[in-house]
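Residue numbers (the working numbering), protein chains in the order written: chain A, 1 to 314; chain B, 1 to 669.
Don't be surprised by glycine CBs; every beta carbon is placed ideally from N, CA and C.
See below for the structure under consideration.
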């Protein structure tokens, strides 16, 4: 097991290195001079040369890469000319917000989705099953931004129950935080709940007709023990992959929600730095996103090995 | 108050399917006493499993429904319990335990075997977790799995098929049940493992005075193990009796048919298998009359009456559901066992294998470093002569299918040469293999997976005719396809149907027709009948024998069932872990087997005759076929061989001739 994890960790490092090369070359893929592209062509020549030099653009490419990578490893992520702050500060201020929203919505989607999936599978063909299945289909089909706008319209503008923008961390002001996060979290989890519910349902139905469930039944076990003791653990193995994917999505996809609800998170930073050609910030965001994705995948793989002895023992 | 341990009376189970009401079990009555071993025999769809599953209410409801009858177990009608009631759950696993067919899928892959065994113990005996663990270790010892203390934390994947079936038995015996049901428990296992498991079951039930119900399609198994037998056909019990009565005083035409349809290890080979004509009835279209009447060679007017014939009782134990006594049966069809068509075997070899080797590399790590070779075929040499049938037998992993694929050049050889019609084809490039491909054809095991589900039967059969340009005009093509259909006993009118509209036996006929369409001279049959029902197997064997005589074909017939191989083959090659251990003419193999493995293989196969069975002296071997990756040094068989010496551990014995074309590879002969 330890060997497996070390193996996977090494692979993750290799992947991150590859991504760092891509993120690094981003700045050189822009047509024309990167400094002018970033700051506009009206800036004075001296200023341009100074920035050109600070960014190390006058050195050979390989050297630039290692210099850049070395700085990142030292924690120096560069300076954002758009936010007029070091990129590290930009990220540090906004990362908690995005992580908080991402994790809360992921927890909701996973727990509720799997729960609905199990319920619909166990009561296959019942009314509960049809109602939840129809709702899940609607949930999958509904675009997030549309749902966000509708929620804002009803609960924010008409009923005035919930604030329509802003974000506060719960340890700053719990009441306000909860009220501010309800709508964003709903928007971010509805799709996840629907997908998990559907996948869990089909996975459970597949598992329930396996021979070992028949064996469990022939032992005289209670139905609840058959479902939770024997079926669920097997049914969740394919769901794990999905969790890895959606965790990444809720991190990367938060850009839309953060923009609509005007939440100063990392997603918003990404959109802003992209619109304003702030390449240093964009590079960091890209690396961060890649790191999160890799960590999610790594966690999923470890969870996989934990859940399925067939993988662990190979 | 019933005096039997379990008495099933007039059980009727139906399935409400889209195509109609399927009467899966139709008025079945049977009983079992304490410590007794009984067998329920029948083909697929005969209702043998459904009967026992109904008793435990384990059938899927809906669509299944128990519409009548009762099952009295220890004085209580357990059919009156609800499907999920605590009463029926106490019986399941507690009073009556079941072992199922597929050991690979019947254990939960994500729970340790200790958890799975312990669960039953805690549930039915109310043990604590620690005590359940102890009991589980004790049970593992009981089923012959040593060092249970550590193995108890293993997952099912860490055990072989035979070991998993032992674990299933341990699990079933966990709560000291009164009855143990083995539902095709050994069908998926290798012959020698099958024998070990059945012997284990017999010992355990004897020790614990548990009743054992063996559900199987294999008549020979019940002949060896069961005291009483029930024969089922299309949901009815058509005959019941003690083992001797069933085999020696057979009364029902179906039982008679079954016995004539299976080849026996000790039978005379010139005897042609008498196949039961036709197909088992569609259970959705079942009528009230004798279900066998359509296929019965003795059917008369009486049989078409719309009533089930009553049981004629021959003795307190023996009864048969037929209008007639055996003496009164008059065949209405020409039953005269036709003689075997004569064929000629030439002394000229069609195929010669010389030291054929096939190694599969094993890679490891991120760099995919080659760490070892799996030697699937190791120095295989033998010849096949024009017009003969060479049987190839061995258990899983012996390399029989690899050999077939290597001959077909679906695999590239690692070493040695394959000489077909005097030409070495082992290294020919693909484009020069075309005419060899036309000459050498293949019949697969699984008639369900090997036919394209979207292709019509006609084009499946005709494909090769087109591919090899064997028909010049469309008329000639149609004529050839029709001819092939007739040759394998199918109506050419079925040409436009797709495979799933055919039954298993018909599909296998289609595969045969398709293999013959390129007019080959050499056909490799890889387990062509093992997926079929007993009564259908005989039809296919007879067909293959006839086609050989008519078309002068040469067969390489691969199977794990020695009695079938013996029946069809002129010579037999026995393989074990990639090596040929014995080559023998068919008649000598049974009378004078030389290699200890062949001896064990032969004695593991039961003969469908309890009298013969009781008189047999059997060689039994321990253990299971090892994985090819951990292939033993020296003679590959030495770890299981009762006669192994130091020499066998180090040097591999070569094949040596013992006269009469009989060769064996053993130091001890």
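For residue i, the three-state DSSP class (helix, strand or coil)
i: residue 595 of chain B; result: coil
i: residue 294 of chain A; result: helix
i: residue 94 of chain A; result: helix
i: residue 539 of chain B; result: helix
i: residue 336 of chain B; result: Its pLDDT being 47, under 50, residue 336 of chain B is placed unreliably by the model, and nothing is read from it.
i: residue 355 of chain B; result: strand
i: residue 204 of chain A; result: helix
i: residue 653 of chain B; result: coil
i: residue 31 of chain B; result: strand
i: residue 228 of chain A; result: helix
i: residue 1 of chain B; result: Residue placement at residue 1 of chain B is flagged as unreliable, the pLDDT there being 44, under the threshold of 50; a coordinate-derived value is accordingly withheld.
i: residue 81 of chain A; result: coil
i: residue 576 of chain B; result: strand
i: residue 203 of chain B; result: helix
i: residue 261 of chain A; result: coil
i: residue 144 of chain A; result: helix
i: residue 399 of chain B; result: coil
i: residue 394 of chain B; result: coil
Contact list for residue i against chain B, beta-carbon separation under 8 angstroms
i: residue 212 of chain A; result: 105, 106, 107, 108 and 109
i: residue 230 of chain A; result: 108 and 111
Residues that residue i contacts on chain A, provided the C-beta gap is smaller than 9 angstroms
i: residue 120 of chain B; result: 219, 220 and 221
i: residue 58 of chain B; result: 214, 217 and 218
i: residue 124 of chain B; result: 219 and 220
Where residue i meets chain A, residues with beta-carbon distance less than 7 angstroms
i: residue 93 of chain B; result: 218, 219 and 220
i: residue 187 of chain B; result: What residue 187 of chain B touches in chain A: nothing, since even the nearest Cβ is about 13 angstroms away.
i: residue 98 of chain B; result: 218
i: residue 90 of chain B; result: 220
i: residue 84 of chain B; result: 223
Proximal chain B residues relative to residue i, where beta-carbon distance stays under 7 angstroms
i: residue 233 of chain A; result: 110
i: residue 308 of chain A; result: 110
Within chain A, partners of residue i - CB distance below 8 angstroms
i: residue 193 of chain B; result: Near residue 193 of chain B there are no residues of chain A at all, since even the closest Cβ is about 19 angstroms away, more than 8 angstroms.
i: residue 102 of chain B; result: 211
Status (buried if at least 16 other CB within 10 Å, exposed otherwise) for residue i
i: residue 475 of chain B; result: exposed
i: residue 646 of chain B; result: exposed
i: residue 230 of chain A; result: buried
i: residue 48 of chain B; result: buried
i: residue 47 of chain A; result: exposed
i: residue 306 of chain A; result: exposed
i: residue 119 of chain B; result: buried
i: residue 248 of chain B; result: exposed
i: residue 120 of chain A; result: buried
i: residue 129 of chain B; result: exposed
i: residue 650 of chain B; result: exposed
i: residue 148 of chain B; result: buried
i: residue 171 of chain A; result: exposed
i: residue 116 of chain A; result: buried
Any non-hydrogen atom of the ligand ATP closer than 6 angstroms to residue i Cβ
i: residue 343 of chain B; result: With respect to small molecules bound, the structure shown includes none, and the ligand ATP cannot be examined in it.
Residue i: contacting residues in chain B (beta-carbon distance under 9 angstroms)
i: residue 12 of chain A; result: Simply none; closest approach about 13 angstroms.
Where are the alpha helix (DSSP H) runs, 4 residues long or more, that stay fully inside the stretch 157-189 of chain A, in chain order? none
Under 8 angstroms: do the stretch 579-588 of chain B and the stretch 404-411 of chain B share three or more Cβ pairs, one atom per stretch? no
Extract the residue ranges of the beta strand (DSSP E) inside the stretch 466-530 of chain B, only unbroken runs of 3 or more that lie entirely within it. Taking only runs of at least 3 residues, the beta strand (DSSP E) segments lying wholly in the stretch 466-530 of chain B are 522-526.
Under 8 angstroms: do the stretch 255-263 of chain A and the stretch 214-230 of chain A share three or more Cβ pairs, one atom per stretch? Flag = no, the stretch 255-263 of chain A and the stretch 214-230 of chain A do not touch.
Any contact of the stretch 303-312 of chain B with the stretch 573-584 of chain B, i.e. 3+ C-beta pairs under 8 angstroms? no
Closer than 8 angstroms is the cut-off here; do at least three beta carbon pairs connect the stretch 455-467 of chain B with the stretch 385-393 of chain B? The stretch 455-467 of chain B vs the stretch 385-393 of chain B: no contact.
Only counting runs of 4 or more residues, tell me where the alpha helix (DSSP H) segments fall wholly within the stretch 580-637 of chain B, in order along the chain. Runs of the alpha helix (DSSP H) inside the stretch 580-637 of chain B: 586-591, 596-604 and 610-615.
Could you tell me which uninterrupted alpha helix (DSSP H) segments, each at least 4 residues in length, are contained entirely in the stretch 216-249 of chain B, listed from first to last along the chain? 219-225 and 243-248
For the stretch 320-331 of chain B and the stretch 248-256 of chain B, state whether three or more C-beta atom pairs, one from each stretch, are separated by less than 8 angstroms. yes
Contact between the stretch 112-129 of chain B and the stretch 169-180 of chain B: three or more CB pairs below 8 angstroms? yes
Within the chosen definition, does the stretch 200-218 of chain B reach the stretch 177-186 of chain B through at least 3 CB pairs nearer than 8 angstroms? yes
Sequence ranges, alpha helix (DSSP H) only - wholly within the stretch 75-112 of chain B, length at least 4: 86-91
Cβ contact check for the stretch 216-227 of chain B and the stretch 9-24 of chain B: 3 or more pairs under 8 angstroms: Not touching, per the Cβ criterion.
So, does the stretch 547-563 of chain B touch the stretch 278-289 of chain B, judging by three or more C-beta pairs under 8 angstroms? no
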